[in-house]
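Just so we're on the same page, the working numbering is the position in the sequence shown counted from 1, plus 1.
Here a beta-carbon is modelled for each residue, glycine too, at the ideal position from N, C-alpha and C.
Note that the structure is a prediction, hence the values are computed from the model and not measured.
Reviewing the structure listed below.
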Amino acid sequence: MSAVLKAGLIGLGSMGRHHARILAGLEGVELVGVVDPMGDKNGWAQGAPVLSTVEELIARGIDYAVVACPTGLHEEVGLQLADAGVCALIEKPLADTVEGARRLVEAFESRDLVAGVGHIERCNPALLSLRSRLEAGELGDVYQVVTRRQGPFPHRIADVGVVKDLATHDIDLTGWVTGQTYTSIAAHTVSKSGRPHEDMVSAVGQLSDGTMVNHLVNWLSPLKERFTSVTGERGCFIADTLTADLTFHSNAAVTTEWEALRAFRGVSEGDMVRYAIPKREPLLVEHELFRDAVQGKPADICTLRQGLRTVEVAAAVIESATTGLSVSLRTADESLQGVAN
2 MSAVLKAGLI GLGSMGRHHA RILAGLEGVE LVGVVDPMGD KNGWAQGAPV LSTVEELIAR
62 GIDYAVVACP TGLHEEVGLQ LADAGVCALI EKPLADTVEG ARRLVEAFES RDLVAGVGHI
122 ERCNPALLSL RSRLEAGELG DVYQVVTRRQ GPFPHRIADV GVVKDLATHD IDLTGWVTGQ
182 TYTSIAAHTV SKSGRPHEDM VSAVGQLSDG TMVNHLVNWL SPLKERFTSV TGERGCFIAD
242 TLTADLTFHS NAAVTTEWEA LRAFRGVSEG DMVRYAIPKR EPLLVEHELF RDAVQGKPAD
302 ICTLRQGLRT VEVAAAVIES ATTGLSVSLR TADESLQGVA N
């Protein structure tokens, strides 16, 4: 592998254009080609050659590729790259089916190739800070994780519903910040846009340590919101991933003696702290981490096994909404039975 990595990009849509921008300026990486059958009608390829097929890109001797094509093509494209011995960063979700995600895990792991999933919220400054604080025990026991992710309809999405497009962000970040896995999930969905997929989902679940989770996700709201709260023994962290702000609301250390005020404020309201944290672009951080992983350096990327787990939980959300029943999830070890190590 050369000192400068040769990278390719597959898909030049609304997310692919951002990947192209980052890859074109990423230190230690050369963007040698972009695949999009529609060409570069918007001028997003950053001057890189625009190709029609994945085979043409592989022929350029790439070290790794970023897969940013529609979700339904992730498996097909990923398997092509794995067969050619090319590392891959695959946009989330890993695949549109659990079976497809499992095949991708096996394909890359059996060839000992570096591969990751683009769950970009893991690189959001607010959530990075939140995770480190939870790991340090600043909140004590964790009781509940609540997320709200809503906004206007994204015309860029046509092949999946709100669960696989948006809720996978919240599913992944919840497991990642807490270090736990989902054991059960119950959900309701509605479809109001006239499309075959769901537009709204409300889900309640439980993690392996007993933590309760709540997810409210839709793309029918004029209000754009990206909210994550983690409530625990010592208070509550609130992360706004739109602004990358993290706030801590602590339990009171001083008893409120004024009875009338106590009735309004509650007996446990304490100080509020808004943290000053460095705010680097999450997509750039994601690319730096994956570049380092390909180079064999330690890097905390979202692995394909972790991406598979998120696809499994998303499938359980849809199953619960369809059947009206709570769905129990297999352990991580059970879900990977039959996958080559």
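The straight-line gap separating the alpha-carbon atoms of G236 and G180 is approximately 19 Å.
Distance from the CA atom of R104 to the CA atom of E76, rounded to whole angstroms, is 8 Å.
Fully enclosed beta strand (DSSP E) runs of no fewer than 3 residues occupy 183-191, 201-208, 213-219, 226-233 of the region 164-234, in order along the chain. When only Cα atoms are considered, T169 and L90 end up about 16 Å apart.
When secondary structure is reduced to three states using DSSP, H120 falls in the coil class, being assigned neither helix nor strand. Looking only at V55, D97, E289, A102, the smallest Cα-Cα distance to Q81 is reached by V55.
Membership of D246 in the beta strand (DSSP E) is indicated by the continuous run 246-252. A240 is a Cβ neighbour of T229, given a cutoff of 8 Å. The shortest C-alpha to C-alpha distance from A85 to any of E92, E57, K93 is the one to E57. A69 and S209 have their C-alpha atoms spaced approximately 32 Å apart. Beyond the five residues adjoining it in sequence on each side, S185 comes within less than 7 Å, by CB distance, of G206, Q207, S327, V328, S329, L330 in the same chain, given in chain order. The beta carbon of H250 sits closer than 6 Å to those of G236, C237, M273, all from its chain and outside the five residues before and after it, given in chain order.
DSSP places D241 inside the beta strand (DSSP E), whose first and last residues are 236-241. About 24 Å separates the CB atoms of L305 and V146; that is not less than 8 Å, and the two are not in contact.
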